[in-house]
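Participant: I'd like to ask some things about the structure below.
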Amino acid sequence: MASIDLDKMLDKAWADKTLPEILAAPVSALKGVSDRDGELLQEAFGVRTVADLADLKYTRWAQALAVLGASAK
Numbered sequence: 029m030a031s032i033d034l035d036k037m038l039d040k041a042w043a044d045k046t047l048p049e050i051l052a053a054p055v056s057a058l059k060g061v062s063d064r065d066g067e068l069l070q071e072a073f074g075v076r077t078v079a080d081l082a083d084l085k086y087t088r089w090a091q092a093l094a095v096l097g098a099s100a101k
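Mind the numbering: the sequence shown is residues 29 to 101 in the working numbering, read in order.
Structure follows, in structure tokens:
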């Protein structure tokens, strides 16, 4: 089973939450994402939660391109 250091990904207030709580959290729960960034994501793409961001087609496209780029090296 893989281990992930949530402290590196999440603001301190969210690091001890359950995965369902984190997925339902606002995107500003992610370390480095401000409340304003969250507002802009909501205005532009309707993204309100961490799960919404993960499901955003543009996020998935970027991830796929990154994988393709890494395998091309």
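Cβ atoms here follow ideal geometry from the backbone N, Cα and C, with glycine treated the same way.
Treat the numbers as computed from the prediction; the structure is a model and nothing was measured.
Anyone know if the C-beta pair for Thr-77 and Leu-51 falls short of 9 Å?
Facilitator: yes
Participant: What are the residues that DSSP puts in a beta bridge with Thr-77?
Facilitator: Pro-54
Participant: Starting from Trp-89 and walking both ways along the alpha helix (DSSP H), at which residues does that stretch end?
Facilitator: First-last of the alpha helix (DSSP H) with Trp-89: 85 to 99.
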